[in-house]
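K.L.:
The C-terminal position of the sequence shown is numbered 480 in the working numbering, with every residue numbered one higher than the one before it.
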Amino acid sequence: MIRRVATSFEEWRDAARGLIARRVAPEFVEWLSKPEDGDLFSTMPDEEAGESPDGQSMPATSSLRLPRQLMELLDSAACFSAPDRWAFLYKVVWRWQLGERDVISPADPDGARLHGMVKAVHREEHDMHAYVRFRERKEEDGAPRFVAWFEPTHEVLPRVARHFARRMGNVTWMIATPDKAVLWDGERLHEAPSLMRSAADIEDAGEALWLTYYRSIFNPARLNADLLRSHIPSRFWKNLPEGAIVPAMVSAAANGERRTGQTGTVGRRGGATTIPIAAERAQPKREHPTTLDQCRRCDLWENATQAVPGVGPKRARIMLVGEQPGDQEDLQGLPFVGPAGAVLEKAMAQAGMERDSIYLTNAVKHFKWELRGKRRLHKTPAQKEITACHLWLEEELARVRPDVVVALGSTALKSVLQDGAVTMKSVMGAPIQHDGRWVVTVYHPSYVLRAPDEATRQQAYEVIVEGLRQALRLLNG
């Protein structure tokens, strides 16, 4: 038995060319997907060139020549995931070399299987073109600029990667699958081991905009749920951003949205345009809420468990302002009780700051999140949500009257200063006076948890500790 290793179509083609030249029949060849594959006898030495497995001499034959049509079929079928694909493809080539031209006919059993494999591969390529969703990474994170996750049934990633390389120009990107990843550096494609576990490893701050657009174009009156399911196989929904909201939209359509022919959010649009809406769906303009639990100034309350108010002394000289509640804070109704809170508590202890004397709160009081698998992942609040929630931060500042405010992160800084354009870089390390109090800016504790390496994590943590010490020194004049 002759053993040959084939991890790609090119390796299989070169091996098949040599075997055909030696006239080795398919039943005398064992194809391995990787060098360590094989059975108990895999360590047996390979036969010398020119000898058959039973020791009989094999006269050489003419070089292998195949028509373009057959080569294209073989190239595509090589992407089909099947344990015996290399052995089957060699059988097709062997039969062709023997003069059996009907081997590529769909009427032939082997030809029918060959065309079926090609059809399945082409369908998988089409699906990957349609359902790959690139998420944008933060510019400061460097290349790749866009990242996507896909779970193909067949090994079509290298072929599909060439399509996206042509479409996306010199923008860097990566497509990861459970087995491997392909990266585009703007000029060349590179294959690498899989660098991700699932789509949940990707964060995209701009995805909320896409979901808002998707909701706005959804017309429940024209929904055909059966057609939707038949056009998009269920295995793709879990990795599509819109997959998290479509079930709720389909359910709403079935429960009455079809009557108006538009989603409930359409009637809330501002501006001069008048949007017709059924009288029973119209609601009067709401006054300012009297309690935080009644707040409906933005849409975040719809998906949050509860509003999370600040906690601390009625009169605290230092107020720490974070971004928004996290998953644990949303469930418990208290600020900074999750992983980021543990980092903050450690930093406060190291800075010599007693937590019981500090007022802790957030710029946004409801948890903004998106569903990835079974996890609720944090989403950065939009400026309109920061502005809508500033009413409650103003109330806390007026009631607690702190002398120093420590802004933990960019969102907190924008809310405290009421300036959507301010950046942390412009004020980091330099306390400023605002509305009669000092404002100190440091990183949010969650940045320490997300930092890509130990050196960055340590540097960010030290900035937080030093900022807290600076707040204490400002109190002491």
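All C-beta atoms, glycine included, are put in the ideal place defined by N, C-alpha and C.
Just so it is clear, the structure is predicted and the values come from calculations on it, not from any experiment.
What are the start and end residues of each continuous alpha helix (DSSP H) run of 4 or more residues lying completely inside the region 332-357, in chain order?
P.N.:
Whole alpha helix (DSSP H) segments, 4+ residues: 342-354.
K.L.:
Am I right that residue 329 and residue 341 are in contact with their C-beta atoms under 8 angstroms? What's the rounded C-beta distance?
P.N.:
Rounded, the Cβ-Cβ distance is 5 angstroms, consistent with contact.
K.L.:
Along the alpha helix (DSSP H) that carries residue 364, what are the first and last residues, could you check?
P.N.:
Premise fails: residue 364 lies in the beta strand (DSSP E), 361-365, not in any alpha helix (DSSP H).
K.L.:
Could you tell me whether the region 100-109 touches the region 186-194, using the rule of 3 or more Cβ pairs below 8 angstroms?
P.N.:
These segments do not touch.
K.L.:
Pull up the CB-CB distance for residue 419 and residue 324, whole angstroms please, since I reckon it's below 8 angstroms.
P.N.:
About 6 angstroms separates the two Cβ atoms, so the contact holds.
K.L.:
Are residue 384 and residue 414 touching if we call contact CB-CB under 7 angstroms?
P.N.:
It is a contact, given that the beta carbons lie within the stated cut-off.
K.L.:
Assuming residue 470 contacts residue 442 (C-beta within less than 8 angstroms), just tell me the rounded distance between them.
P.N.:
Rounded, the Cβ-Cβ distance is 11 angstroms, inconsistent with contact.
K.L.:
Near residue 166, what residues of its chain come up, given a Cβ to Cβ distance below 7 angstroms and the 5 sequence neighbours on each side ignored?
P.N.:
Only 132 meet the Cβ criterion.
K.L.:
Which two residues bound the contiguous alpha helix (DSSP H) that contains residue 459?
P.N.:
Its alpha helix (DSSP H) spans residues 457-478.
K.L.:
What would DSSP say about residue 31, mapped onto helix, strand or coil?
P.N.:
Helix at residue 31.
K.L.:
By Cβ distance, which residues of its chain are closer than 7 angstroms to residue 117, with the 5 residues on each side in sequence left out?
P.N.:
Taken in chain order, the residues that qualify are 76, 80, 95, 107.
K.L.:
Mind checking residue 1: buried by the 16 CB within 10 Å criterion, or exposed?
P.N.:
Because the chain here runs from 4 to 480, residue 1 falls outside it and cannot be looked at.
K.L.:
Which residue marks the beginning of the alpha helix (DSSP H) containing residue 389, and which one marks its end?
P.N.:
That run of the alpha helix (DSSP H) goes 386-403.
K.L.:
What's the C-alpha gap between residue 23 and residue 130?
P.N.:
Each residue's Cα considered, the two are about 36 angstroms apart.
K.L.:
I think residue 321 touches residue 409, with their Cβ atoms under 8 angstroms apart; what is that distance to the nearest whole Å?
P.N.:
About 7 angstroms separates the two Cβ atoms, so the contact holds.
K.L.:
So, at 6 angstroms on beta carbons, what are the nonlocal neighbours of residue 377 in its own chain, with the 5 sequence-adjacent residues on each side left out?
P.N.:
Correct list: empty, nothing qualifies.
K.L.:
For residue 164, I'd like the list of residues in its chain whose CB is within less than 6 angstroms of its CB, leaving aside the five on either flank, ordered along the chain.
P.N.:
Correct list, in chain order: 185, 192.
K.L.:
Determine the extent of the beta strand (DSSP E) in which residue 196 is found, giving its start and end residues.
P.N.:
Start and end: 192-196.
K.L.:
From residue 439 to residue 407, what distance separates their C-alpha atoms?
P.N.:
Residue 439 and residue 407: Cα-Cα distance of roughly 9 angstroms.
K.L.:
Measure the C-alpha to C-alpha separation of residue 347 and residue 327 and round it to an integer number of angstroms.
P.N.:
Going from the Cα of residue 347 to the Cα of residue 327 covers about 14 angstroms.
K.L.:
Give the single residue among 250, 394, 25, 179 whose Cα lies nearest to the Cα of residue 153.
P.N.:
Of the candidates 250, 394, 25, 179, the one whose C-alpha sits nearest the C-alpha of residue 153 is 179.
K.L.:
Among 344, 474, 305, 337, whose alpha-carbon lies nearest the alpha-carbon of residue 371?
P.N.:
Among 344, 474, 305, 337, the Cα nearest to that of residue 371 is on 305.
K.L.:
Compute the Euclidean distance between the alpha carbons of residue 47 and residue 6, then round it to the nearest angstrom.
P.N.:
In this prediction, residue 47 scores a pLDDT of 39, lower than 50, which makes its location untrustworthy; the coordinate-derived value is nonetheless stated afterwards. The straight-line gap from Cα to Cα measures roughly 9 angstroms.
K.L.:
Which one of 28, 14, 29 has the shortest CA to CA distance from residue 37?
P.N.:
Nearest option by C-alpha distance: 14.
K.L.:
Is it the case that the Cβ atoms of residue 177 and residue 150 are separated by a distance below 7 angstroms?
P.N.:
In contact: residue 177 and residue 150 (Cβ atoms closer than 7 angstroms).
K.L.:
So, at 6 angstroms on beta carbons, what are the nonlocal neighbours of residue 391 in its own chain, with the 5 sequence-adjacent residues on each side left out?
P.N.:
Result list for residue 391: 300, 301, in chain order.
K.L.:
When the Cα atoms are used, what is the spatial distance from residue 387 to residue 476?
P.N.:
When rounded, the distance between both Cα atoms is 34 angstroms.
K.L.:
Assign residue 18 to buried or exposed, taking buried as 16 or more other Cβ atoms, counted over all protein chains shown, within 10 Å of its Cβ.
P.N.:
Classification for residue 18: buried.
K.L.:
Between which residues of its own chain and residue 401 is the CB-CB distance below 6 angstroms, once the five residues before and five after are set aside?
P.N.:
None.
K.L.:
For residue 350, collect the residues of the same chain with a Cβ closer than 8 angstroms to its Cβ; drop the 5 residues on either side in sequence, then sort them by chain order.
P.N.:
448, 464, 467, 468, 471.
K.L.:
DSSP three-state call for residue 539: helix, strand or coil?
P.N.:
A question about residue 539 goes unanswered here, because the residues of the chain that appear run from 4 up to 480.
K.L.:
Go ahead and pull the three-state DSSP assignment for residue 482.
P.N.:
In the structure as shown, the chain begins at 4 and stops at 480. Residue 482 is therefore absent and cannot be evaluated.
K.L.:
Report the residue from 70, 20, 127, 462 whose alpha carbon sits nearest the alpha carbon of residue 89.
P.N.:
That would be 20, whose Cα lies nearest to the Cα of residue 89.
K.L.:
Identify, in the order they occur along the chain, each residue of the same chain with its Cβ nearer than 7 angstroms to the Cβ of residue 56, setting aside the five sequence neighbours on each side.
P.N.:
Residue confidence is low: residue 56 scores 47 on pLDDT, short of 50, so the model does not pin down where it sits. Its coordinate-derived value is still stated next. For residue 56, where only same-chain residues beyond five positions count, the Cβ hits under 7 angstroms are 4, 5, 31, 50.
K.L.:
Suppose you measure from the CA of residue 332 to the CA of residue 92; what does that come to, to the nearest Å?
P.N.:
About 58 angstroms.
K.L.:
Alpha carbon to alpha carbon, what distance is there between residue 12 and residue 100?
P.N.:
Taking the straight line joining both Cα atoms gives about 19 angstroms.
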